[in-house]
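Asker: In mature numbering (1 follows the signal peptide of the UniProt record, and there is no 0), the protein residues as written are -21 to -1, 1 to 590.
#1: Figure out for me which residue from 212, 298, 225 has the closest Cα to the Cα of residue 314.
#2: With a cut-off of 8 Å on the beta carbons, I'd call residue 239 and residue 271 a contact; round off their distance for me.
#3: Below 8 Å between beta carbons: does that hold for residue 280 and residue 305?
#4: I need the DSSP call for residue 129, collapsed to helix, strand or coil.
#5: If you drop the 5 nearest sequence neighbours on each side, which residues of the same chain put their C-beta closer than 6 Å to that of residue 506?
#6: With 16 as the cutoff for other CB atoms within 10 Å, does residue 179 come out buried or exposed?
#7: Would you kindly work out how many angstroms separate the C-alpha atoms of residue 122 and residue 565, rounded to a whole number?
#8: Can you give the beta carbon distance from residue 23 to residue 64, rounded, assuming they're within the 8 Å contact cut?
#9: May I have a chain-ordered list of the beta strand (DSSP E) segments no shorter than 3 residues that lie completely inside the region 53 to 105?
#10: Using the rule of at least 16 other Cβ atoms within 10 Å of the residue's Cβ for burial, across every protein chain shown, is residue 222 buried or exposed?
#11: Decide if residue 509 is buried, meaning its Cβ has at least 16 other Cβ atoms within 10 Å, or exposed.
#12: May I ask you to report which of helix, strand or coil DSSP gives residue 329?
#13: Based on the DSSP secondary-structure assignment, which residues constitute the bridge partners of residue 591?
#14: Taking the alpha helix (DSSP H) that residue 15 falls in, what are its first and last residues?
#15: Are there 16 or more other CB atoms within 10 angstroms of the CB of residue 368, so buried, or fewer, so exposed?
#16: Are the beta-carbon atoms belonging to residue 557 and residue 523 less than 8 Å from one another?
#17: Do residue 107 and residue 125 have their beta-carbon atoms positioned less than 8 Å apart in this structure?
#18: Please report the residue range of the alpha helix (DSSP H) in which residue 530 lies.
#19: Enumerate, from N- to C-terminal direction, the unbroken beta strand (DSSP E) stretches of 3 or more residues contained entirely within the region 147 to 226.
#20: With a Cβ-Cβ cutoff of 8 Å, do residue 317 and residue 294 count as a contact?
#21: For residue 246, decide whether its Cβ has a neighbour in chain C, counting only Cβ atoms nearer than 8 Å.
#22: What are the boundary residues of the beta strand (DSSP E) that includes residue 288?
#23: Pull up the distance between the alpha-carbon of residue 534 and that of residue 127, whole angstroms please.
#24: Assuming residue 597 contacts residue 164 under a Cβ cut-off of 8 Å, what Cβ separation, rounded to an integer in Å, is found between them?
#25: For residue 166 versus residue 142, is the C-beta spacing smaller than 8 Å?
#26: What do you get for residue 574, buried or exposed, if any count of 16 or more other CB atoms within 10 angstroms of its CB means buried?
#27: Pull up the distance between the alpha-carbon of residue 62 and that of residue 53, whole angstroms please.
#28: Spell out the partners DSSP gives residue 48 in its beta bridges.
#29: Please state whether DSSP places residue 322 in a helix, a strand or coil.
#30: What are the start and end residues of the beta strand (DSSP E) that includes residue 645?
#31: Rank 339, 266, 326 by C-alpha distance to the C-alpha of residue 319 and give the top, closest one.
#32: Classify residue 555 as helix, strand or coil using the three-state DSSP reduction.
#33: Hey, would you say the C-beta of residue 301 is under 7 Å away from at least one heavy atom of the ligand SAM?
#34: I need the boundaries of the beta strand (DSSP E) containing residue 345, first residue and last residue.
#35: For residue 278, report the span of its beta strand (DSSP E) as first-last.
#36: Pull up the CB-CB distance for residue 267 and residue 292, whole angstroms please, since I reckon it's below 8 Å.
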């Protein structure tokens, strides 16, 4: 009890009337239950100042994150039914030594325990004796707690009323206990972003009420258990980024309510079973980076509700099935980096909602005869690069009509006379190659005045850069790889140490999918926020990047001006190729500095004073 000084003072001095049975307008709270709540919060939070002002957690000014209900007793009593701890509530921050108190057992009416981003440094494990006895829980969510480690105790299966079990973004390890299959009322199971290993238990098929199953970003092995096909109300399966192998169980096709099916970044083999044609409500099917090495099944055209179909880097062979043109709701189709051959069906251009088509890096050939308005609608979101046998009939780049697409490597088809099929591709209207969009940085004469700003002689250079049709980070990377010396490019493109964070970030960004429920007016959205008391226009800042003048003579000067123009923060690297004084002289703006503590405290102080 030594760790709870303020809690106990508040409890004994200010809460004494309540504990003795003092009546308020709605009811009372039992002494043992109130003490248990104080002890639980005392194990998690820094001493809350609000406890002194509101010692009765369930009255008309309830504590943040605490919910109570009135029981059926006579006289009526308050009971704590929910504890939510996290940065989204105005409760005190978690202490560095935050822990799970066994006093949770003093809260027999607790239905929801939600702890987010609280266990950060001191190791915490899931106590089998504690969690096996919390029989009243319906929701257990312990999310984004890097110090939460150890194994998932089989005793969780004793919480028979559990409907939501979310243990995502922790450091849990070991196998998924087979006993979890006994949670017959469980509706959501999220164990993503941990270090769980071993094979998935067949007992998972006992979760007959399950609607969401997310086991992504672990190191799970073995095959997808066939018992998954028994989960008749399942709507979402995400097992991406594991080491699962073998075939997709045929009885997965029995999941009539399935909306999302993601097995990307595994070792799943083909062929894809024909029984998956039964997934009549499927909207998102993601299977990127699996050695499927088989043909796209014809039945895919029967999945009328598909919105996104992504099989990038799966070793797909054969032709593009004509049945794809039946997917009238399809918005995104990604079949890049495979071994598909044959022609591109013209009927793909009739899909009314298709907004992204990536067929790059295959073995497609023949004439690409997609409708001109289709090419114009997709623009850069149409990509057929890397298909050496493919040629284009319709205009790929027409300044008058504003049509532009990633068809850079597809030459214009020739007619019998050897002339191009469309003169709009000749001369100035032809889409320039990537290598022609941008001169090597060294070819631009850069002159800076005393403030670090470019002189008027650089206006042409800025105009050329502004006119480059670069639309995404991938194109910047491609141009950089082409133009920069290999040593310089490798320096910028690499990450720290073994590059695990770099790889995870790339994977995470590639999997972001937005599905707005309605069209929202964004014309008046205000993204302004504050960082350490500084007002910025949006929650995006420029991180410290070293040696910027290796890429361009203006280096940090241009970055500083860009940050000022965007009304955001630039962080200057400790390994900058411009001095603090030079960057500061570029004009007004918010500048941060990446300062590493030097062995020499004097050197560190000098840098701090200069900044």
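We treat Cβ as the ideally placed atom computed from N, Cα and C, and that holds for glycine.
Answerer: Inspection of the coordinates gives the following:
#1: 298
#2: Wrong, their Cβ atoms sit about 19 Å apart, outside the cutoff.
#3: yes
#4: strand
#5: 517
#6: buried
#7: 43 Å
#8: 6 Å
#9: 56 to 64, 91 to 95
#10: exposed
#11: exposed
#12: helix
#13: The first residue shown for the chain is -21 and the last is 590, placing residue 591 beyond what the model contains.
#14: 10 to 23
#15: exposed
#16: no
#17: no
#18: First-last for residue 530: undefined, no H or E at that position.
#19: 150 to 153, 167 to 169, 174 to 178, 191 to 193, 198 to 200, 215 to 217
#20: yes
#21: As a matter of chain content, chain C is missing from the structure shown, which is built from one protein chain.
#22: 287 to 289
#23: 42 Å
#24: Any property of residue 597 remains undetermined from this structure, which presents the chain solely from -21 to 590.
#25: yes
#26: exposed
#27: 25 Å
#28: 58
#29: coil
#30: This structure cannot speak to residue 645, because the chain is shown only from -21 to 590.
#31: 339
#32: coil
#33: For the structure depicted, the ligand SAM is absent and the ligand set is empty, with no information on it obtainable.
#34: 342 to 347
#35: Where residue 278 is concerned, there is no enclosing beta strand (DSSP E), given that its DSSP letter is neither H nor E.
#36: 6 Å
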